[in-house]
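Novice: What follows is a single structure, and I will ask about it in a moment.
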Ligand SMILES: [Zn+2]
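Numbering (the numbering used here), first residue to last: 1 to 104.
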């Protein structure tokens with residue numbers, strides 16, 4: 001996965017997470033005020049429950065995106081490394097350039 005895409009996914013993830021947190025806070029705030037203050041009855045927006053669910057969905061989305069990125073990173077082919085000395089080994093070479101260990 002190109003770095004650019006990963007970066008934009010990360011940005012989207014953070015945005016989703018912040019948005020989710022924000023929505024949950026709003027939901028809690030609305031719920032709180034609704035139960036405490038009568039004047040808040042003018043509020044005709046979405047039910048705090050719905051706002052809360054939306055926030056949860058946003059956060060779940062962010063977490064899912066995170067696992068997608070993790071998965072992509074995991075999927076990346078392991079670097080060819082000499083099992084003996086740990087030096088990077090060119091793909092296709094049979095012996096380590098550093099210590100001469102045979103690469104299988
Ligand atoms: Zn080696």
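Glycine residues also receive a C-beta, built at the ideal position from the N, C-alpha and C atoms.
#1: Just checking my contact of residue 69 with residue 14 at CB under 8 Å: how many whole Å lie between their CB atoms?
#2: By the 10 Å Cβ neighbour count, where 16 or more other Cβ atoms means buried, how is residue 52 classified, buried or exposed?
#3: Going by the C-beta, is residue 96 closer than 7 Å to any heavy atom of ligand 1?
#4: So, do the stretch 18-26 and the stretch 54-70 have three or more beta carbon pairs nearer to each other than 8 Å?
#5: What three-state label does DSSP hand residue 81 in the structure shown?
#6: Does the Cβ of residue 101 lie closer than 7 Å to at least one heavy atom of ligand 1?
#7: So, for residue 84: in the same chain, excluding its five sequence neighbours on each side, which residues have a beta-carbon less than 6 Å away from its beta-carbon?
#8: Suppose contacts are defined by Cβ-Cβ distances below 8 Å. Is residue 30 in contact with residue 48 by that definition?
#9: Using 10 angstroms around the beta-carbon of residue 39, count the other beta-carbons present and answer buried if the total reaches 16, otherwise exposed.
#10: In angstroms with no decimal places, state the Cα-to-Cα distance between residue 94 and residue 12.
Specialist: From the atom records:
#1: Not confirmed; about 12 Å, so no contact.
#2: Answer is buried; the Cβ neighbour count reaches 16.
#3: The answer is yes for residue 96.
#4: With the cut-off at 8 Å, the stretch 18-26 and the stretch 54-70 touch.
#5: Of the three classes helix, strand and coil, the one that applies to residue 81 here is strand, per DSSP.
#6: Residue 101: yes, Cβ under 7 Å from ligand 1.
#7: Contacts found: 99, 101.
#8: Yes, these two residues count as a Cβ contact at 8 Å.
#9: With a pLDDT of 48 at residue 39, under the threshold of 50, the predicted position of this residue should be treated as unreliable, though the coordinate-derived value follows. When all chains shown are included, residue 39 counts as exposed.
#10: Rounded to whole angstroms, residue 94 to residue 12 spans 43 Å at the Cα level.
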